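So the structure is just underneath, and the comments pick up after that.
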Amino acid sequence: MNEISEEQKYLLRKLKTKSYPPDIVIHRIWEFLKEKPDDEPLDPMWLDIWNEYKEYAARAPSRVIKEIDKIIRSIKPIDDEIYNIKINDDAKVVFLLGAGASAPSGIPTVDKLLEELWKRARKIGREDLDRLARWCNDRGITNIEDLLTAAYISNFAARNPNITALLDYFIFSGSRTLSEEEEYLFRRRRSLRTTEIDVSSISFLQDTLQTLFGLLTSTMISASPNPTHEAIVNFIKEHSNTSIITTNYDGCMDEALLKEKIPLKGTISGENEENPEAVRLIKMHGSINWAYCDSCQDVKEFDLLELKKTYEMDKLSYPVLGICKKCGGLRRPLLVPPLSFKFLMFPNLIDIWNSARQSIEEADYLIVVGYSFSEADTYITKIISRSMAMKDTQKMIIVNPDYKLVPMLRERFSAHIDRFDEKRIFKACGNSEKILPEILKSILDKKSSTKKKSKKG
Ligand SMILES: [Zn+2]
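Residue numbers (this note's numbering): 3 to 459.
Now the structure itself:
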């Protein structure tokens with residue numbers, strides 16, 4: 003496959019970051035397109051840039067505008083090969099959903115979520131949360147998953163004072179020898195800190211976590227499925243050899259399936275494992291309708307549709323999932339930000355992660371929707387890389403509006419896998435709610451036509 007030249011990348015960067023007068027831009031684009039080798043592909047980013055500049059292009063010769071327009075419009079955001087994909091009944095299809103799949107359902111992205119939560123915290127007049135909000139603002143912390151991770155780690159450290167002492171050592175003093183005076187102060191501070199932690203910090207942390215989770219759940223509970231989820235359900239009805247893995251906490255995918263009376267397996271309750279009608283929905287980071295008791299580690303799955311209904315009717319008591327029936331401890335939703343995975347505070351999730359790994363390894367087609375392969379999700383990225391390396395027939399369809407994602411993945415796999423065939427990754431650039439229904443329909447249409455043929459033959 004031919005590469006995008008450094009010159010093209012440079013030009014794109016320049017055009018994206020600086021606003022040049024339109025006639026100069028058009029001149030530079032025209033120069034570049036005229037001189038570019040025929041086999042050098044064009045980055046889909048041109049579509050956006052050209053749309054931005056085109057309307058101001060009145061001063062350029064109309065022939066030039068027409069020519070550029072023709073060339074740029076020939077860029078295809080979706081690989082043609084996707085429309086040639088043929089699967090048979092045995093092909094295992096696995097969807098991997100990220101935040102982009104739920105965004106059109108009105109769920110704020112990770113960055114916006116925190117802002118939304120602070121707004122709600124102010125409404126309920128929590129002075130302590132207000133203080134935390136100010137602190138986060140001052141330090142530019144906008145990512146709710148970072149905040150949850152910190153809260154989890156703090157909770158863990160507060161219960162294990164030795165861990166706090168070790169953290170102190172590694173982070174603050176491990177690299178050098180302390181003077182006698184420093185050593186004295188350090189010990190004194192540590193003993194003071196240990197006492198403080200034991201008394202008030204744990205209850206503050208517990209309380210903050212509980213409130214944050216309550217707010218988080220109430221932000222997500224009203225969200226409903228969008229065309230992405232509906233397209234996946236329609237696909238599953240025709241191709242039952244399908245599993246879904248999601249990193250989203252919300253209930254959109256669950257609801258889309260349950261509404262069609264399709265039972266779920268692979269959830270925290272372990273129900274329906276033997277039911278052949280059930281679809282495996284693996285929620286790697288937990289779910290708003292899964293509850294976890296911090297005291298006795300009991301987990302419980304609430305009926306999602308029921309939970310939604312009671313919430314909408316305002317019959318749900320705060321803090322949303324309530325008190326543990328087994329021990330009387332406080333129960334909160336089982337939501338796990340990716341960075342806290344390593345702390346393994348939720349033994350119940352290990353089975354779920356294992357089943358995600360197994361599903362990915364078995365997949366013939368991995369359809370990745372609105373998932374950004376972020377640094378935080380090293381676990382998922384690693385199992386995908388390993389699986390692509392082990393099974394050289396495995397293919398991926400990447401549905402994502404980010405133009406840079408597919409080139410990045412092709413590069414990454416080529417670096418890690420010997421003689422990696424870049425055509426194993428199909429690009430479908432755009433918003434999933436717009437393009438996924440059409441892509442899945444094409445795959446199904448091809449599937450039924452092969453079926454008919456084989457029946458006739
Ligand atoms: Zn309990």
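Don't be surprised by glycine CBs; every beta carbon is placed ideally from N, CA and C.
Note that the coordinates shown come from a computational prediction; the quantities given were computed from them, not determined experimentally.
Buried or exposed, going by whether 16 or more other CB atoms sit within 10 Å of the CB of GLY459? A caution first: GLY459 carries a pLDDT of 37, below 50, which makes its placement in the model unreliable, though a value can still be read off. Note on GLY459: under 16 other CB atoms within 10 angstroms of its CB, so exposed under the neighbour-count rule.
So does ASP300 have its beta carbon nearer than 8 angstroms to some heavy atom of ligand 1? yes
Apart from the five residues just before and just after LYS448, which ones in its own chain have a Cβ nearer than 6 angstroms to its Cβ? LYS88
Give me whichever residues DSSP pairs with VAL96 in a beta bridge. Per DSSP, SER245 and LEU368.
Use the C-beta contact count for ALA225: other C-beta atoms within 10 angstroms, 16 or more gives buried, fewer gives exposed. buried
When burial is assigned at 16 or more other CB atoms within 10 Å of the CB, is CYS326 buried or exposed? buried
For CYS326, verify whether its CB is less than 8 angstroms away from any heavy atom of ligand 1. Yes, the Cβ of CYS326 comes within 8 angstroms of a heavy atom of ligand 1.
Is ILE77 closer than 9 angstroms to PRO46 when the C-beta atoms are compared? yes
Given 8 angstroms as the limit, is there contact between the region 373-382 and the region 6-19, that is, 3 or more CB pairs closer than that? no
ASP82 versus ILE445 - alpha carbon distance: 12 angstroms
Which residues mark the beginning and the end of the beta strand (DSSP E) in which GLU1 is found? This structure cannot settle anything about residue 1, because the visible part of the chain is limited to 3 through 459.
If you measure from the CB of CYS254, is any heavy atom of ligand 1 nearer than 8 angstroms? no
Check whether the Cβ atoms of SER374 and ALA123 sit closer than 9 angstroms, and answer yes or no. no
With a threshold of 8 angstroms (Cβ to nearest heavy atom), would GLY330 be considered close to ligand 1? yes
Using a threshold of 8 angstroms, is the CB atom of CYS295 nearer than that to any non-hydrogen atom of ligand 1? yes
Below 8 angstroms, can you find three or more Cβ-Cβ pairs linking the region 433-444 to the region 393-412? yes
Just tell me which of ALA103, GLU57 and SER220 has its CA closest to the CA of LYS311. SER220
Taking contact to mean 3 or more Cβ pairs, one atom from each stretch, closer than 8 angstroms, check whether the region 354-369 and the region 240-248 are in contact. The way I'd put it, the region 354-369 does touch the region 240-248; three or more beta-carbon pairs between them come closer than 8 angstroms.
Does at least one heavy atom of ligand 1 sit under 8 angstroms from the Cβ of ARG359? no
Around the Cβ of PHE172, are there at least 16 other Cβ atoms within 10 angstroms (buried) or fewer (exposed)? exposed
Check whether the Cβ of ARG1 lies closer than 8 angstroms to any heavy atom of ligand 1, and answer yes or no. Because the chain spans 3 through 459 in this model, residue 1 falls outside it and cannot be assessed.
Who are the Cβ neighbours of SER456 in its own chain at under 7 angstroms, not counting the five residues just before and after it? Note that SER456 scores a pLDDT of 48, beneath 50, so its modelled location is shaky; the value from the coordinates is reported in the next line. Closer than 7 angstroms at the Cβ level, and outside the excluded window around SER456, lies no residue.
Residues bridged to ALA280 by DSSP? Its beta-bridge partners do not exist; DSSP assigns none.
Quickly, what does DSSP pair PRO335 with across the bridge? List them, please. ALA293
LYS457 (DSSP reduced to helix, strand or coil): Because LYS457 sits at a pLDDT of 45, beneath the cut-off of 50, its placement in the model cannot be relied upon, and the following sentence gives the value as read from the coordinates. Three-state result, LYS457: helix.
If you count every other CB in all the chains shown that lies within 10 Å of the CB of THR19, and 16 or more means buried, which is it? exposed
For ALA430, count the other beta carbons within 10 Å of its own beta carbon; 16 or more makes it buried, fewer makes it exposed. Which is it? buried
Taking VAL95 and ASN291 to be in contact with their CB atoms under 8 angstroms, please state how far apart those CB atoms are, rounded to whole angstroms. Not a contact, Cβ separation roughly 25 angstroms.
When the Cα atoms are used, what is the spatial distance from VAL281 to VAL301? 21 angstroms
List the residues that DSSP assigns as beta-bridge partners of ILE505. For the chain, the structure presents residues 3 to 459; residue 505 sits outside this window and is missing.
Considering only C-alpha positions, which residue in the set PRO106, PHE215, PHE237 and ALA417 is nearest to LEU337? PHE215
Hey, quick one: how far does the alpha helix (DSSP H) through PRO163 stretch, first residue to last? 163-170
Three-state class that DSSP yields for LYS311 in the structure shown: Residue state, collapsed to three classes: helix.
Can you round the beta-carbon distance between ARG512 and MET398 to whole angstroms, since I take them to be within the 8 angstroms contact cut? Here the chain has residues from 3 to 459 only, and residue 512 is not among them.
Take the Cβ of SER289 as the centre, count every other Cβ of all protein chains shown within 10 Å, and call the residue buried at 16 or more, exposed below. Classification for SER289: buried.
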